[in-house]
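Colleague: Got a structure for you, questions after.
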Amino acid sequence: MSASLEKGIHALKEVIDAPIASYFESCVHCGLCAEACLFHTETGDPKYTPIHKVEPLRRVYEREYTLLGRLKKMIGLSKPVTDAELDEWQELVYDSCTLCGRCSLVCPVGNDIVYMVRKLREGMAVSGHAPAGIRSATKNTVESGGPMGLKWPAVANVLRKAEESTGLRIPVDQEGAEYMVLLSSMEIVNYPEYIDALAKIFHKAGISFTLSSEAYEATNAGIQIGSSDLAKVIVSRIVDAAEKLKVKNVLSPECGHAYMAIRWEGPNLVGRPFKFNVVHVLELLDDLRLKGVLTMRDKLKDPLILHDPCQIVRRGGVLQAPEPLIRQVAENYIPIADKQKLNWCCGGGGGASAIHTEAAEALRATAFRIKKRQIEEAGVGTMVTFCANCRITIEEGFDHYEMNTKLLGLTELLAAHLEA
Amino acid sequence: MQGPLIDTLARQGVTRRTFLKYCATLASMMALPPAAGRAMAEAMAAVRRPSVIWLPFQECTGCTESITRSHSPTIEGMIFDMISLDYQETLMAAAGHQAEEARQNAMKANAGKYLLIVDGSIPLGQNGAYSCIGGRSNVDILKEAAGGAAAVIAVGTCASYGGIPKANPNPTGAVPVSDIVKDKPIVNIPGCPPIPVVMTGVLAHYLTFGSLPELDDKGRPKSFFGETIHDRCYRRPFYDQGKFAKTFDDEGARRGWCLFELGCKGPVTHNACATVKWNGGTSWPVESGHGCLGCSEPDFWDGGGFYKALSAPADPLKFAAAASVVGAAVGVGVSFANRAKKNKAKATHETITVADLEK
Amino acid sequence: MTDLQFLTWTRGPGLDLAVAVFLLGVLWRLIEIYTLGRKKDLAAPRHAPGASGLHTVFRRSLPPPGMLKRSPVSYIGGYVFHIGLAIIVFLGAPHVLLIKNLVGVSWPTLPSQFIGLTAVVTMAAMVLMLADRINKPVKRFLSTFEDWFTWAVTFLPVLTGWMATQHLLLPYTQMLALHILSAEILLVVLPFSKLFHGFTLFGSRWYNGRVNAHKGVPV
Ligand code: SF4
Ligand code: SF4
Ligand code: SF4
Ligand code: SF4
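Next comes the structure, spelled out in structure tokens:
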């Protein structure tokens, strides 16, 4: 109950750095970034222009860190950023930005706009301008271990079921394992098949792995809401557990934001490099494929396209693994024009899928038209992806538009066709 | 020596035919219709020569030289035959009080009708003491002489715009005729020196039509000063092709390339040199390999240097180094303030808890 | 003040002042912006071919895939007027001479007719860009006074320079003086407006490229 405007401005003063200064000074108002953002392309509304979404950050930068801005402030020419303004911007900073980073790819002067949105959220969060949905997800993750409030006994239960269905052992808290496996609540609840798939693949490859009863949840709502302190609390659990178990690698689940949180933000949040590697499950799989372990019993015949989750591919750097893997298991993979780092977001990233207001849901549905178009243009009935959050958003989209497209998870698909 | 001009000319062996041809040329130079040439010839041949008083002030006599120093007697020389020159210090035989008397007489006899020609600028400093004739300051004499004149012709850049005496820092407080004479028509014939035929043209116009020719906004006859040197320069094609002489003796200079980079002020100079040429059409400055100095324009002396190209800075940059130092200092200052502010923000950071998310 | 005095002023004290303000502004702003610091990225880097700050500095000069089709006016108009300006400023004989006088280096130049033609094309592209800014909802929405102002400040030197050489509207001397004056205004405005992107875009592209290269993404 202590969020305040002052805290918000204070937080922004802490995060504004040379790149942000350079970006704001470079912007020529060409509007090209709007052409890269699905919230603008699908609605046509200019307020969804990416650089406009970070206007409050620009104003704070100008007032606090430029001489001209300081002078303007002194003579009253520049008005302070207000609560009302931040309130107005909440929709722009959260509902209509999935931190997908596509805008950062096109700006002609080189502005990394998503970098700025992420920083602006630091101020939005502590000034009380984060959407209720993301707030409660963050609260749940910090207080009870996961965004859905899932406790270990429930997870252990799911693991037991996986052991039963696969007939394979799933070790827990085993020291010195090569991989410590992280999950996301969404996978545990909505796609438990993922766990079966992993168990099969590890056993086939003969790689030791374990789960930690202290840190099984990889998603990090702290990053989505934009609070580094809270994100640090969440990520520290994983770091502590991994170091306690002395594992070589931590395996990030498919979930994109989880990967972003642990792989890229993690060391910066705890303030030191990790003593273990963070590996995305697709990186591991591709490695196994190259080693010849990942051989398929048969291949899927259906023509299909791939949806590259933003946080794993464009923002996470897992650029090369997905395509060879899908080709490994699918006979009729159709590469689309905007693929890989150019792929269009599903519309639910950056915490957006946790916002359940009517307006946010309607906006997400509108933004989803870009995915719908991609599927229709490719003329396929199947789409494959590798992020639990994307999957939920895409399923929602399919429902909304009453599409009967099939949606598959890449890891599961591979596991289902794996040679026994 | 009063009497129709044609008689005087005949005595000097100038045939009617030659005179006609000359007038036709003059008319065409002044952009008048061909018929005007004939009208001019007739008018000038018949007219009684007007009385002219020529006052020399702060000058170098170059203007007079320009008009009189044609080695073979040219038709420009006839200018002195067109008029009755009642006072001209350099040319007149009389001197001292005798000369002053001649001027007074002419002024009285032709009050309101005579033409006043002035060369040289008028110094106003020290009450005009810098230049006096017969104990009277130039400004005094000018005011008196202008009072009875029908029109004033300022010959040369000094009389027209102040010229070299007015050049920075203008020690004598020199001013042009137009700063002193406000109530008479003035024609400026600038040039350092001016082109002789312009003089003849203006006089012919006056004699023929009884009026002064059309002037531009700097008081110059449009017909001679309507175009720039650059507009009519025969080196122009080289300018357009970007072929420039870089020194006075390089390959480009030998090939007659454009002199822009050597400081030619042709592009901003209005004068007739490029078409009329000098010394009876022999050549003109640019043709002989030197850029135009801009002598027919006000303040040409202070235009940043004769050998500095128009697009080059007129003066060396004085503030650049200091400004860079100040800029860097301001930058460093802001930088320190920024860092202090940011460090303070970081130092006073309060760890965020979930409670901080709610208002 | 006569037109020649005006011209001499613009070539002398005016230029001196403008260059001084320009240098002062550029240094001040550059230091102000780039000393704000940034955190070192502690995550283990991933290396990928084509991913680095320098790569992005160059790569961003070309439209990313698909963008040309989405915004042809911005790209084509933008290219034409930027390249046009560069040709005029860096290959026009009087300009090269000025540069030579100021910094001591020079290079071959292009014929004045070609420069004149380039100016016409450049102005056409700039007018097109202006129309686009008025027409396109996003651009109009983003535009502030500064956008219109900097457009004018950039357009005027081209227009006056071209009009001077074509002897339009005003006598050459006056037009030339106006041309130099407008260029001086441009110099003064540049460090304190979005025109400063001419300097900072290298930094911005580099940062963006650097940050993403750390993750192995060529952007
Ligand atoms: S990160 Fe994605 S959603 Fe956010 S502004 Fe950029 S393009 Fe739009
Ligand atoms: S694309 Fe870049 S320069 Fe253009 S408006 Fe967006 S942030 Fe500004
Ligand atoms: S020499 Fe002088 S007047 Fe002739 S073209 Fe070159 S710049 Fe113009
Ligand atoms: S070329 Fe230029 S400087 Fe030479 S006389 Fe003619 S106008 Fe005067």
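Those sequence lines, one after another, are chains A, B and C.
Quick note: the first sequence uses our numbering, first residue 1, plus one each step.
Quick note: the second sequence uses our numbering, first residue 1001, plus one each step.
Quick note: the third sequence uses our numbering, first residue 2001, plus one each step.
We treat Cβ as the ideally placed atom computed from N, Cα and C, and that holds for glycine.
(1) Can you pull the chain B neighbours of P2094 of chain C, defined as C-beta to C-beta under 8 Å?
(2) Does ligand 3 have even one heavy atom less than 8 Å from the beta-carbon of C1233 of chain B?
(3) With hydrogens ignored, establish whether the beta-carbon of G1291 of chain B is closer than 8 Å to any heavy atom of ligand 3.
(4) Thinking C-alpha only, which one of C:D2041, C:A2048, C:G2092 is nearest S2106 of chain C?
(5) Alpha carbons only, please: which of C:G2012, C:G2025, C:V2021, C:D2041 is nearest the one belonging to R2210 of chain C?
(6) Y333 of chain A lies in the beta strand (DSSP E); which residues open and close that run?
(7) Can you list, in chain order, the residues of its chain with a C-beta nearer than 6 Å to that of S208 of chain A? Leave out the 5 residues immediately preceding and following it.
(8) At the level of alpha carbons, what is the spacing between N389 of chain A and W2162 of chain C?
(9) Spell out whether any CB of chain A is found under 9 Å from the CB atom of V1334 of chain B.
(10) Considering only the beta carbon of each residue, do P131 of chain A and A360 of chain A sit closer than 9 Å?
(11) So does the region 47-57 of chain A actually touch the region 114-124 of chain A, counting three or more Cβ pairs closer than 8 Å?
(12) Can you list, in chain order, the residues of its chain whose CB lies under 7 Å from that of V93 of chain A, leaving out five sequence neighbours each side?
(13) State yes or no: is the C-beta of N111 of chain A nearer than 8 Å to some heavy atom of ligand 5?
(14) Which residue wins for smallest C-alpha separation from A2131 of chain C, given the options C:D2147, C:G2116, C:L2117?
(15) Show which residues of chain F have a CB atom less than 7 Å away from the CB atom of N1338 of chain B.
(16) Given 8 Å as the limit, tell me if I1229 of chain B has its C-beta closer than that to any heavy atom belonging to ligand 4.
(17) T41 of chain A lies in the alpha helix (DSSP H); which residues open and close that run?
(18) Identify, in the order they occur along the chain, each residue of the same chain with its Cβ nearer than 6 Å to the Cβ of A354 of chain A, setting aside the five sequence neighbours on each side.
(19) Go ahead and label D308 of chain A buried or exposed: buried means 16 or more other beta carbons lie within 10 angstroms of its beta carbon, across all protein chains shown.
(20) Provide the residue span of the alpha helix (DSSP H) that contains A1312 of chain B, from first to last.
(21) Using only alpha-carbon positions, find the residue among B:I1153, B:P1298, B:D1315 that is nearest to M2001 of chain C.
(22) Run the CB neighbour count on E1261 of chain B, radius 10 Å, all protein chains shown included, and call it buried at 16 or more, exposed below.
(23) Identify the residues that DSSP records as bridge partners of H1270 of chain B: which are they?
(24) Which residue spans inside the region 1186-1235 of chain B form an unbroken alpha helix (DSSP H) run of at least 4?
(25) Of all the residues that make up the region 2014-2037 of chain C, which are near chain A by a beta-carbon distance shorter than 8 Å?
(26) Taking 8 Å as the line, does the beta carbon of R369 of chain A fall inside it for any heavy atom of ligand 1?
(27) So what's G8 of chain A in DSSP terms, helix, strand or just coil?
(28) Report the three-state DSSP secondary structure of D1240 of chain B (helix, strand or coil).
(29) Enumerate, from N- to C-terminal direction, the unbroken beta strand (DSSP E) stretches of 3 or more residues contained entirely within the region 367-411 of chain A.
(30) What would DSSP say about M2001 of chain C, mapped onto helix, strand or coil?
(31) Could you give the residue range of the beta strand (DSSP E) that holds I1053 of chain B?
(32) Run the Cβ filter for me: residues under 6 Å from any heavy atom of ligand 1, listed in the order they occur in the chain.
(33) Quick check: what's the CA-CA separation for T2118 of chain C versus M1030 of chain B?
(34) Within 10 angstroms of its Cβ, does E1101 of chain B collect 16 or more other Cβ (buried), or is it exposed?
(35) Check this for me: beta carbons of T2122 of chain C and I2088 of chain C, under 9 Å apart or not?
(36) Just curious, the alpha helix (DSSP H) that H356 of chain A is in, first and last residue?
Modeller: On the basis of the supplied data:
(1) As a first step, residue 2094 of chain C must be located in the third sequence, where it is residue number 94. Within chain B, the residues near P2094 of chain C are F1260, A1309, L1310, S1311.
(2) Residue numbering aside, residue 1233 of chain B sits at position 233 when the second sequence is read from its first letter. It does: the Cβ of C1233 of chain B is within 8 Å (strictly closer) of some heavy atom of ligand 3.
(3) Sequence index remark: in the second sequence, residue 1291 of chain B carries index 291 (1-based). G1291 of chain B: yes, Cβ under 8 Å from ligand 3.
(4) Your numbering for residue 2106 of chain C matches position 106 in the third sequence. Considering only alpha carbons, the answer is C:G2092.
(5) Taking the third sequence and counting its residues from 1, one reaches residue 2210 of chain C at position 210. Selected option, being the one with the closest Cα: C:D2041.
(6) On the first sequence, residue 333 of chain A is found 333 positions in, with the first residue counted as 1. That residue, Y333 of chain A, is in no beta strand (DSSP E); it is neither H nor E in DSSP.
(7) Sequence index remark: in the first sequence, residue 208 of chain A carries index 208 (1-based). So the list reads A177, E178, once near-sequence residues are dropped.
(8) Mapped onto the first sequence, residue 389 of chain A falls at position 389. Mapped onto the third sequence, residue 2162 of chain C falls at position 162. The straight-line gap from Cα to Cα measures roughly 58 Å.
(9) Taking the first residue of the second sequence as position 1, residue 1334 of chain B is located at position 334. For V1334 of chain B, a Cβ of chain A is located within less than 9 Å of the residue's own Cβ.
(10) Translated into the one-based positions of the first sequence, residue 131 of chain A becomes position 131. Translated into the one-based positions of the first sequence, residue 360 of chain A becomes position 360. It is a contact, given that the beta carbons lie within the stated cut-off.
(11) Taking 8 Å as the limit for Cβ pairs, the verdict is that the region 114-124 of chain A does touch the region 47-57 of chain A.
(12) Position 93 of the first sequence holds residue 93 of chain A. The answer, listed in chain order, is K53, V117, L120, R121, M124.
(13) Ligand 5 is absent from the structure shown, which contains only ligand 1, ligand 2, ligand 3 and ligand 4.
(14) In the third sequence, the residue the question calls residue 2131 of chain C occupies position 131. Closest by alpha carbon: C:D2147.
(15) Of the chains in the structure shown, none is chain F; the protein chains are A, B and C.
(16) Walking along the second sequence from the start, residue 1229 of chain B turns up at place 229. Under cutoff, so the answer is yes.
(17) Translated into positions along the first sequence, residue 41 of chain A becomes position 41. Start and end: 38-43.
(18) Translated into the one-based positions of the first sequence, residue 354 of chain A becomes position 354. The residues are G133, I134, A137.
(19) In the first sequence, the residue the question calls residue 308 of chain A occupies position 308. Flag for D308 of chain A reads buried.
(20) The residue given as residue 1312 of chain B occupies position 312 in the second sequence. Here A1312 of chain B belongs to no alpha helix (DSSP H), and DSSP marks it neither H nor E.
(21) By 1-based counting over the third sequence, the position of residue 2001 of chain C is 1. Considering only alpha carbons, the answer is B:P1298.
(22) By 1-based counting over the second sequence, the position of residue 1261 of chain B is 261. Its Cβ being crowded by 16 or more others within 10 Å, E1261 of chain B is buried.
(23) Here residue 1270 of chain B refers to the residue found at position 270 when the second sequence is read from its first residue. Its beta-bridge partners are B:T1228.
(24) 1196-1209, 1222-1225, 1229-1232
(25) W2028, R2029, E2032, I2033, Y2034, T2035, L2036, G2037
(26) Along the first sequence, one-based indexing puts residue 369 of chain A at 369. Flag unset: Cβ of R369 of chain A not near ligand 1.
(27) Counting from 1 along the first sequence, the entry for residue 8 of chain A is found at position 8. Per DSSP, reduced to three states, the secondary structure at G8 of chain A is helical.
(28) Along the second sequence, one-based indexing puts residue 1240 of chain B at 240. Helix.
(29) 382-385, 406-409
(30) The count along the third sequence starts at 1 and reaches residue 2001 of chain C at position 1. DSSP places M2001 of chain C in coil when its eight states are reduced to three.
(31) Looking up residue 1053 of chain B in the second sequence gives position 53. That run of the beta strand (DSSP E) goes 1051-1056.
(32) A:A36, A:C37, A:F39, A:P50, A:K53, A:C97, A:T98, A:L99, A:C100, A:G101, A:R102, A:C103, A:I113, A:V114, A:V117, A:C345
(33) Here residue 2118 of chain C refers to the residue found at position 118 when the third sequence is read from its first residue. Here residue 1030 of chain B refers to the residue found at position 30 when the second sequence is read from its first residue. T2118 of chain C and M1030 of chain B: Cα-Cα distance of roughly 37 Å.
(34) As a working mapping, residue 1101 of chain B is identified with position 101 in the second sequence. Burial call: exposed.
(35) Your numbering for residue 2122 of chain C matches position 122 in the third sequence. Your numbering for residue 2088 of chain C matches position 88 in the third sequence. Yes, the pair counts as a contact, with Cβ atoms nearer than the cut-off.
(36) Locating residue 356 of chain A in the first sequence gives position 356, where the first residue counts as 1. No alpha helix (DSSP H) holds H356 of chain A; DSSP gives it neither H nor E.
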